Amino acid sequence: MNTDQQRNKLTMPLAPTLLAYIKHEYPDLGPIIVSTIEYTVKESKNHYIDVMRALEPLLKDGTKSFVDKLFMFRKKMCKDASNCNRPICLFAHDEDELVGSKKSAAAETSASKKFKIDNSEVIFNKVDESRFSIEELKEYAQKYGVITSVRRLNKGKYLVVFEDPDCARRLVECAGFVLDDPEIKKFFNINVPLDQNKKVDLNQLFQDQKDLLDRLTVSFDSDVLSELKMVTFKIRHHVLSTDKKYCESLASSQKNEEASIDIESSIYYNMFAE
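Take a look at the structure:
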């Protein structure tokens, strides 16, 4: 990997130090920022540019400075060395910490494994409830290990909780279809809390967005495009709606939502703008 590629690359999952830094800089928006970065990097060829574009509607004037620091993580030695007094320093304090070193690579591998090991919750989505019951889903999930619960979240969507996170990983990584139905989607449950009383499933919104983009790739349909814009707006709304008054105001104008939404302000508007 050449220097430019290395400089424009973020390794997933983000290192614990980076996660701590994001939380320290943006206590309220931290989970949203992490989810946005992870989703953007997944489909990106130029991490730096795409992450900058994705975070700009959220961080405004502070975007470039923040993103620059993320991409400098462990790529230079700290000039202050042992005298460093930063709460969370993104520079390396030991040559073994520098990106590209053997110890650094080993730490990244360990962090990746930890992400998979720690998650014991799996979502089944787009389940045809006229064909499959919750008991059938439970019986299927039990093939991968002991489960503690299965519950219906809403129409066609179920949450499965395993006793052992490794069982959840095996289910998600299995190439076979759930109950032999290719329409049923499975993925780790990644709920992003916006406040103490509400959880927003950004993972599901992103999945819906991807499905719509796939449909547009096959053939253009103005109705699908409109639906895609609406889903994208919902993502932006959940990202920015930490202000209770703003949420109440939006809810009160729900009847006129389509007429009032400024689609061009959406985070991913440039993905489908001509």
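Convert by adding 7 to the 1-based position in the sequence shown; the result is the number in my numbering. Ideal Cβ positions, reconstructed from N, Cα and C, are used throughout, including at glycine. Here the structure is a predicted model, which is why all the values come from computation and not from measurement.
Sort the options by Cα distance to residue i and report the nearest one.
i, options, result
"SER127", "LYS236, LEU178, GLN214, GLU146", "LEU178"
"PRO94", "GLN214, THR24, PHE195, ILE242", "THR24"
"PHE195", "LYS241, TYR165, ASP218", "TYR165"
"LEU17", "GLY37, HIS31, PRO34, THR47", "THR47"
"LYS82", "HIS100, ASN90, ASN92", "HIS100"
"LYS52", "ASN90, ASP187, ASN15, GLU234", "ASN15"
"TYR5", "CYS91, ASP187, ARG176", "Residue 5 lies beyond the stretch modelled for the chain, which goes from 8 to 281, so this question has no answer here."
"PHE73", "LEU26, VAL231, VAL238, LYS86", "LEU26"
"ALA175", "PRO189, GLU190, VAL157", "VAL157"
"MET19", "LEU160, PRO189, HIS54", "HIS54"
"PRO189", "CYS91, PHE131, ASP35, ASP75", "PHE131"
"ASN210", "LYS49, ILE141, ASN92, ALA22", "LYS49"
Compute the distance between the beta-carbons of residue i and residue j, then report whether it is under 8 Å.
i, j, result
"VAL167", "VAL129", "yes"
"VAL41", "ILE29", "yes"
"LEU62", "THR70", "yes"
"LEU65", "PHE80", "no"
"VAL153", "ASP173", "no"
"PHE139", "THR155", "no"
"GLU234", "LEU219", "yes"
Which whole-angstrom value describes the C-beta separation of residue i and residue j, a residue pair presumed to lie in contact below a C-beta threshold of 8 Å?
i, j, result
"ILE44", "VAL58", "6 Å"
"GLU136", "GLY163", "6 Å"
"LYS150", "LYS192", "Actually they do not touch by this definition, with Cβ atoms about 18 Å apart."
"VAL238", "ASP215", "5 Å"
The alpha helix (DSSP H) that contains residue i, what's its start and end?
i, result
"LYS192", "It is not in any alpha helix (DSSP H) - LYS192 instead sits in the beta strand (DSSP E) that spans 192-195."
"ILE56", "54-66"
"ILE39", "37-49"
"HIS100", "Careful: HIS100 lies outside any alpha helix (DSSP H) and carries neither H nor E."
"PHE78", "70-78"
"TYR28", "23-32"
"ARG177", "172-180"
"LEU144", "141-148"
What first and last residue would you give for the beta strand (DSSP E) that runs through residue i?
i, result
"VAL157", "154-161"
"VAL225", "It is not in any beta strand (DSSP E) - VAL225 instead sits in the alpha helix (DSSP H) that spans 209-225."
"LEU166", "164-169"
"ILE130", "128-132"
Is there a Cβ of chain C sitting closer than 8 Å to that of residue i, yes or no?
i, result
"LYS150", "The chain labelled as chain C is not found in the depicted structure, where only one protein chain is given."
Looking at C-beta atoms only, is the number of pairs between the stretch 207-224 and the stretch 172-191 that lie closer than 8 Å three or more? No, the stretch 207-224 does not touch the stretch 172-191.
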